[in-house]
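**Q** Sharing a structure here in C-alpha cells format.
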Amino acid sequence: MTQPDSKLLAHIRIVLTRTSHPGNIGAAARAMKTMGLSDLVLVEPAIFPNSQADAMASGATDLLAQARVCATLAEALADTTLALGVSARRRDIVSEVLTPPEAAGRLLTEAQAGRVALVFGNETSGLSNEELSLCQGLVTIAANPDYSSLNLAAAVQVLSYEIRQAWLGHAAWPQPEMDAAVGEEVERFYGHLETALADLEFLNPGSPGKLMLKLRRLFARTRLAKEEVNILRGILTAAQEAKQSANRARNRDAE
Ligand code: SAH
Numbered sequence: 514m515t516q517p518d519s520k521l522l523a524h525i526r527i528v529l530t531r532t533s534h535p536g537n538i539g540a541a542a543r544a545m546k547t548m549g550l551s552d553l554v555l556v557e558p559a560i561f562p563n564s565q566a567d568a569m570a571s572g573a574t575d576l577l578a579q580a581r582v583c584a585t586l587a588e589a590l591a592d593t594t595l596a597l598g599v600s601a602r603r604r605d606i607v608s609e610v611l612t613p614p615e616a617a618g619r620l621l622t623e624a625q626a627g628r629v630a631l632v633f634g635n636e637t638s639g640l641s642n643e644e645l646s647l648c649q650g651l652v653t654i655a656a657n658p659d660y661s662s663l664n665l666a667a668a669v670q671v672l673s674y675e676i677r678q679a680w681l682g683h684a685a686w687p688q689p690e691m692d693a694a695v696g697e698e699v700e701r702f703y704g705h706l707e708t709a710l711a712d713l714e715f716l717n718p719g720s721p722g723k724l725m726l727k728l729r730r731l732f733a734r735t736r737l738a739k740e741e742v743n744i745l746r747g748i749l750t751a752a753q754e755a756k757q758s759a760n761r762a763r764n765r766d767a768e
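Numbering of the sequence shown is given in the working numbering, commencing with residue 514 and proceeding in unit increments.
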C-alpha cells in the first residue's frame, strides 16, 4: 500500500469555540499533535495565550503558537468546504448525524480538494444553534446515555484518533465529485437569500422566526457547488429585479 498523503491531515482543521478553560485548549493541541493534525483555530477563547494552555499542551506548544484566533465561527470556516459540528445532541438544527468513523471518512474525502473542519463547543453550553447552523453535519460520540458529556479535549482526542485510523487504513479516497463552495461563498448566499426574501415580502425582517435556520438546514443537507451557488444567486437577483419593476409599475398606476 502506498503511504497515505500527509496533506490530507494538514487540511483538517479543529475549531474550538468560546473555550472557557485554557487548559483544555492545550490538551486539545496535544490530542491533535499525537494524531498528526496541526490546524487549530480558536473562536473567542476566554483566556489565550496562557501558561495553563502551554502546560497542558506539553510537547505540542508549537500548535498553540501557530493557532489562529478568530472573532466569529463564520471567519474560522470561511475557506472550508465542509464543517461538521461535534455535539452530543441537537438534531433539530442539522439533519445529518454521523458517527466518528463516518465523519473521518467524509473529512478525508473532502480534504483532497480543500480545507474541512470539525467544530467543538463551549465546555458548559456546547454549540449554540447559531454555531450549528454554520455546519453541514453533526458528529455524535455514542456515550453512556446517563452521562454522555466528554471533556472537550477528550472529545478532540476521540475524533482525531478516528481520523488517523481512517487515514492509515485507506491510501486512496474517492475524489469529491464537484467543486464545492467554501463557507464564505455559502454565507454570502444566505445573506443574499435573506435580503431577497425580505424584498419579496416573504420574510418579515421585524419577525423572521426560524425561516433562515430552516433554509440553512435544507441547504446543509446537500453539498453546494460553486456553480450552484452562482445559479441560486442569479435566480434571487432576477426575482428581486422582477419585484422592483412590478413595484415601479404599481407606483406609476397609482399616480
Ligand atoms: N454541556 C455541554 C457539553 C459540552 S462538552 C452540552 O451539553 O453540549 C464540550 C464539547 O465537547 C461539546 O461542545 C462537544 O463539541 C464535545 N463533546 C463532549 N461530549 C460529546 C459527545 N458525547 N458527542 C459529541 N461531542 C461531544
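Glycine included, every Cβ here is placed at the ideal spot set by N, Cα and C.
Could you tell me how far apart the beta carbons of V699 and L651 are, in whole angstroms, since I believe they sit closer than 8 Å?
**A** Taking the first residue of the sequence shown as 1, we reach residue 699 at position 186. Taking the first residue of the sequence shown as 1, we reach residue 651 at position 138. With 8 Å as the limit, V699 and L651 do not qualify as a contact, their Cβ atoms being about 17 Å apart.
**Q** Quick check: does the Cβ of I654 come within less than 8 Å of any heavy atom belonging to ligand 1?
**A** Mapped onto the sequence shown, residue 654 falls at position 141. Flag set: Cβ of I654 near ligand 1.
**Q** In three-state terms, what does DSSP make of A693?
**A** The sequence position of residue 693 within the sequence shown is 180, counting from 1. Strand, per DSSP.
**Q** Quick check on V742: does DSSP put it in helix, strand or coil?
**A** Looking up residue 742 in the sequence shown gives position 229. V742 falls in the helix class under three-state DSSP.
**Q** A752: which of D712, G704, K723 sits nearest, CA to CA?
**A** If you number the sequence shown from 1, residue 752 lands on position 239. It is D712 whose Cα lies nearest to the Cα of A752.
**Q** Rounded to whole angstroms, what's the CA-CA distance from R746 to A568? Just pull it up for me.
**A** Sequence index remark: in the sequence shown, residue 746 carries index 233 (1-based). Sequence index remark: in the sequence shown, residue 568 carries index 55 (1-based). Near 48 Å, if we compare the C-alpha coordinates of A568 and R746.
**Q** Is G634 near ligand 1, going by C-beta to nearest heavy atom under 8 Å?
**A** Your numbering for residue 634 matches position 121 in the sequence shown. Yes, the Cβ of G634 comes within 8 Å of a heavy atom of ligand 1.
**Q** What would DSSP say about I606, mapped onto helix, strand or coil?
**A** In the sequence shown, counting from the first residue as 1, residue 606 sits at position 93. I606 falls in the coil class under three-state DSSP.
**Q** Checking 9 Å against the spacing of the C-beta atoms, do G696 and T594 come in under that value?
**A** Locating residue 696 in the sequence shown gives position 183, where the first residue counts as 1. Locating residue 594 in the sequence shown gives position 81, where the first residue counts as 1. Cβ atoms of G696 and T594: closer than 9 Å.
**Q** If contact is defined by three or more beta carbon pairs under 8 Å, each pair taking one atom from either stretch, is the stretch 531-542 in contact with the stretch 555-562?
**A** Contact holds: three or more Cβ-Cβ distances are below 8 Å.
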